[in-house]
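Asker: This is the structure I have questions about; it appears just below.
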Amino acid sequence: MRPIRVLAPLLWALASSTVMAAPSPDEQEVPDTRQQQPSTDAPTRERTEDADTGAARTVVTGSRRPRPARDVPATTTVLPRPEIDRSPTLTQDALVRTVPSAATFRRTPSLVSDPTAQGLNLRGLAPSGVARSLVLLDGIPVNDPFGGWIFWRSLPRLGLERIEVVPSGGSALYGSGALGGVVQLVSRDITGAQLDADATYGNARTGLLAARGAEAWGPIRASLEAELLTSDGYPIVSPAQRGAIDADTPSSHAVINGRIEADATEALTLSARASLFREDQNGGTRLTTARVELAHFSAGARLRTAHGGTLTLDLFGRVQRFEQDRARIAQDRASEARAASQDVPANDQGASLVWTGPSWTALGTHVLTAGLDARRMAGTSREQIFPPAPSETSLRLRDTGGTQVSGGVFIEDLYTPSPAVELSAALRMDVWRNQDGAQRLERANGAVDTTRFDDRTEQQLSPRLGLRVRPLEGLTLRASAYRAFRAPTLNELYRPFQVGTLLTAANAHLGAERLWGAEAGVEAESSALGLTTRVTGFWNVLDDPITNVTLEQPLPDGSTRQRQNLGQARVRGVEASVDWKLARQWTALLAYTFVDPVVTRSPGQPGLVGKQLAQDPRHRGTAIVTFHDPDIVTATVQLRVTGAQFEDDLNERPMGGYAVVDVSASRHLFWKLHVFGAVENLFDREYLAGRAGVDTLGPPLLARIGLRLRDAP
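Residue 0 is where the sequence shown starts when you use numbering that gives the first Met the number 0, and the numbers rise one by one after that.
Below is the structure:
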């Protein structure tokens with residue numbers, strides 16, 4: 000479909016709506032964030048202070064306590080509620096990738112790719128299907144307990160107030176999983192009666208229905224949100240390699256979230272949350288499918304005392320099932336046969352207790368935060384195998400799995416000797432234990448071979464030091480140094496996987512990845528010019544990264560790759576952004592990240608030294624221009640640029656860079672109703688997304704139009 004054919008209905012709808020009477024002031028669109036903080040007419044991403052009122056935006060991720068973003072020693076990027084609402088992107092992973100320092104493992108979105116290929120990485124820190132960064136929802140981990148990946152489509156955006164991205168080692172505060180940083184999704188406050196809804200439809204028969212309602216009854220507040228999405232997807236195999244079996248990639252998901260809060264006393268607040276999620280996906284052929292079923296529960300209590308600080312307790316648990324079918328595909332892609340079916344049930348339980356003390360004086364002001372947390376994760380990969388030439392000794396069933404128990408304690412001191420200077424120091428000790436690991440192999444003749452893996456206990460000390468200096472109002476200097484780690488997931492230890500024709504083996508002997516890193520940057524703000532500029536340089540050394548290594552000889556089961564602790568990689572670079580309020584209705588954002596990711600040591604694989612890390616482009620950039628006038632239209636044009644990268648560790652499968660343009664526009668109709676339209680990849684740019692045995696493509700032009708109901712404060 001050509002762009003003009005897709006845009007015509009959208010332009011007609013927007014043009015038609017302009018002949019209607021202009022909305023009265025109380026009907027005009029007002030961003031939801033104005034209940035919590037003032038907002039400019041057009042929200043901007045990097046701005047940490049409101050240009051009209053000077054009110055500082057509060058963030059919670061960089062130091063585990065609410066603070067003005069401009070005062071946090073760690074570099075923090077905030078996507079506020081209005082920008083989330085106006086983004087042309089459809090899925091959450093695509094939204095997060097508009098921050099150039101954030102990327103998923105593969106270039107395909109979660110619309111057509113199951114979560115095992117969507118691991119989040121920040122600043123190019125050795126991408127893989129497993130996330131090297133921690134994703135939180137209001138402080139609760141949402142990374143999968145078995146594989147560490149993220150079910151992006153289980154996180155509907157109607158309930159979000161903002162997204163905070165902290166792209167530097169966060170293990171000193173958050174433990175394992177935060178090796179590369181933290182992305183936190185913060186829910187909207189429940190302040191009274193609220194109602195929001197979206198209904199959109201587009202090409203590829205992509206339809207979305209979403210709604211959120213909230214209400215308050217005195218000291219009790221509750222919200223409920225739901226989202227349904229279905230799409231036919233698109234053919235992902237390149238035309239030159241496409242065969243008779245290749246078709247579209249249909250998918251669907253449904254999610255419902257409920258949250259309740261109650262002020263038990265003036266000092267004590269109780270909360271609870273429950274979520275149900277289901278996702279079905281097809282990888283483009285009849286026998287390549289994936290399905291997720293997930294139930295998540297959490298409860299919390301927050302106690303505020305007059306002189307003893309604040310105490311926060313969180314409890315959470317999850318049960319889920321991930322199922323995946325793999326196909327054996329003929330070389331000409333004219334036929335396929337089932338290769339394996341995997342069923343991966345998993346569960347986890349966790350708790351955290353965090354105390355933030357009152358400020359106290361000793362050669363300046365100190366604020367202490369201390370806490371402890373624990374998590375238990377268990378899962379099993381149950382795999383039925385269908386060999387191409389079955390015999391009595393053929394492998395028929397493979398069950399592998401285990402349990403991982405972890406815990407940590409941390410303390411952080413924020414020391415402010417003067418308003419212009421702040422020092423932060425954090426230290427955390429983590430211990431984790433892999434236990435009950437076992438593999439059971441059953442052959443066609445009934446023979447059973449069971450292997451039990453030794454229980455293993457490891458520990459890690461993670462320090463972090465930070466400095467924030469503000470020599471002049473509007474000029475902030477930041478620097479930090481840190482050590483971080485990530486323990487191998489149950490998936491990496493026990494579950495083999497296949498992408499295209501490539502089979503990768505698990506490795507029960509994997510150890511933790513460890514990171515040394517530092518960053519330094521400057522932020523300059525000019526309220527007179529409406530301009531904010533940030534530049535940050537970073538240097539990370541990753542020891543023993545868990546990487547999919549190409550083997551010199553295939554394993555007996557046909558695996559040509561295996562997860563291994565590679566050796567050492569150096570990831571250095573710079574990120575820069577310019578955020579400019581051009582006029583009352585216009586804002587612009589330019590952001591760029593350069594990464595130099597190189598293998599520096601590789602025992603047993605010397606040929607990898609000097610190679611660029613797989614799936615890691617050196618250049619990523621975003622340019623966003625927004626026009627916002629409630630009497631006319633709100634429109635966003637977004638350019639996303641990604642440089643060249645390699646599919647594999649040997650750098651033998653290159654993928655060229657690409658640039659795509661996305662647009663969105665909305666127009667108020669009447670009451671709380673708006674018409675909305677968006678196009679991703681406006682010019683239908685074709686580019687490679689993967690080369691794992693077969694060349695796959697990124698999303699083509701995807702357009703949608705619909706109606707929105709927005710409850711103004």
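In this text, a Cβ means the ideal position worked out from N, Cα and C, and glycines have one as well.
(1) Going by the DSSP bridge assignment, what does A424 pair with across the sheet?
(2) Report all residues from its chain with a CB closer than 6 angstroms to the CB of R707; omit the five preceding and five following residues, and keep chain order.
(3) Does the pairing of the region 159-174 with the region 57-75 give three or more beta-carbon distances under 8 angstroms?
(4) Based on the DSSP secondary-structure assignment, which residues constitute the bridge partners of N120?
(5) Considering only the beta carbon of each residue, do N539 and G516 sit closer than 8 angstroms?
(6) My understanding is that A221 touches R258, with C-beta atoms under 8 angstroms, so please give their C-beta distance in whole angstroms.
(7) Excluding the five sequence neighbours on either side, which residues of its own chain have a C-beta within less than 8 angstroms of the C-beta of N142, listed in chain order?
(8) Using a 10 Å radius around the Cβ and a threshold of 16 neighbouring Cβ atoms, would you call L306 buried or exposed?
(9) Please identify the residue among P87, A338, R397 whose C-alpha is closest to the C-alpha of T726.
(10) Going by alpha carbons, who is nearest to T284 out of E335, A300, F669, A273?
(11) Determine the closest residue to R69 out of G642, A613, L471, with distance taken between C-alpha atoms.
(12) Just verifying my parser: in three-state terms, what is the DSSP assignment at T115?
(13) Ordered along the chain, which non-local residues of its own chain (more than five positions away) have a Cβ less than 7 angstroms from that of P389?
(14) Could you give the first and the last residue of the continuous beta strand (DSSP E) run that contains S380?
(15) Rounded to whole angstroms, what is the Cα-Cα separation between M654 and G642?
(16) To the nearest whole angstrom, what separates the beta carbons of R467 and R477, a pair I think is in contact under 8 angstroms?
(17) Nearest CA to the CA of A225: which residue from G242, Q117, H252, T248?
(18) State yes or no: is the C-beta of A511 within less than 8 angstroms of the C-beta of Q459?
(19) For G401 and I219, what's the separation of their Cα atoms in angstroms?
(20) Under the rule that 16 or more other beta-carbon atoms within 10 Å means buried, what is T535, buried or exposed?
(21) In the region 232-314, which residue ranges form an unbroken beta strand (DSSP E) of at least 3 residues, counting only runs that do not cross its ends?
(22) Rounded to whole angstroms, what's the CA-CA distance from A437 to D578? Just pull it up for me.
(23) Tell me the rounded alpha-carbon separation between V608 and T107.
(24) Using 8 angstroms for Cβ pairs, my map puts Q267 next to L302. What's the rounded Cβ distance?
(25) I want to know whether the region 290-299 touches the region 313-329 - three or more CB-CB distances under 8 angstroms.
(26) Measuring alpha carbon to alpha carbon, tell me which of T475, L687, F276 ends up nearest A419.
(27) Look at the alpha carbon of G445 and the alpha carbon of L554, and state the distance between them as a whole number of angstroms.
(28) Can you list, in chain order, the residues of its chain with a C-beta nearer than 6 angstroms to that of V366? Leave out the 5 residues immediately preceding and following it.
(29) Could you tell me if L184 is buried or exposed, where buried requires 16 or more neighbouring beta carbons within 10 angstroms of its beta carbon?
(30) On the three-pair Cβ rule with 8 angstroms, is the region 591-607 touching the region 108-123?
(31) By Cβ distance, which residues of its chain are closer than 6 angstroms to M376, with the 5 residues on each side in sequence left out?
(32) Under 7 angstroms Cβ to Cβ from P602, same chain only, skipping five residues before and after it: list those, please.
(33) Do L649 and T586 come within 8 angstroms of each other at the CB atom, strictly closer than that value?
(34) Does DSSP classify E48 as helix, strand or coil?
(35) For E685, write down the residues that DSSP places opposite it in a beta bridge.
(36) When burial is assigned at 16 or more other CB atoms within 10 Å of the CB, is D195 buried or exposed?
Answerer: Looking at the atomic coordinates:
(1) D412, L464
(2) D197, H673, F675
(3) yes
(4) A102
(5) yes
(6) 7 angstroms
(7) A130, L133, V134, W148, I149, G176
(8) A small fix is needed here, since residue 306 is His in this sequence, not Leu. Flag for H306 reads exposed.
(9) Absent from the model: residue 726. The displayed extent of the chain is 0 to 712, so no value can be given.
(10) E335
(11) L471
(12) helix
(13) A443
(14) 364-384
(15) 9 angstroms
(16) 5 angstroms
(17) H252
(18) yes
(19) 41 angstroms
(20) buried
(21) 250-262, 267-281, 288-303
(22) 53 angstroms
(23) 28 angstroms
(24) A quick correction: the sequence has Leu, not Gln, at residue 267. Indeed, because the Cβ distance is near 5 angstroms, the residues count as touching under 8 angstroms.
(25) yes
(26) T475
(27) 22 angstroms
(28) S358, L413
(29) buried
(30) yes
(31) P144, D347, Q403
(32) G566
(33) no
(34) Since pLDDT at E48 reaches only 44, below the 50 mark, its modelled position is unreliable, and no value is offered.
(35) According to DSSP, E685 bridges with nothing at all.
(36) buried
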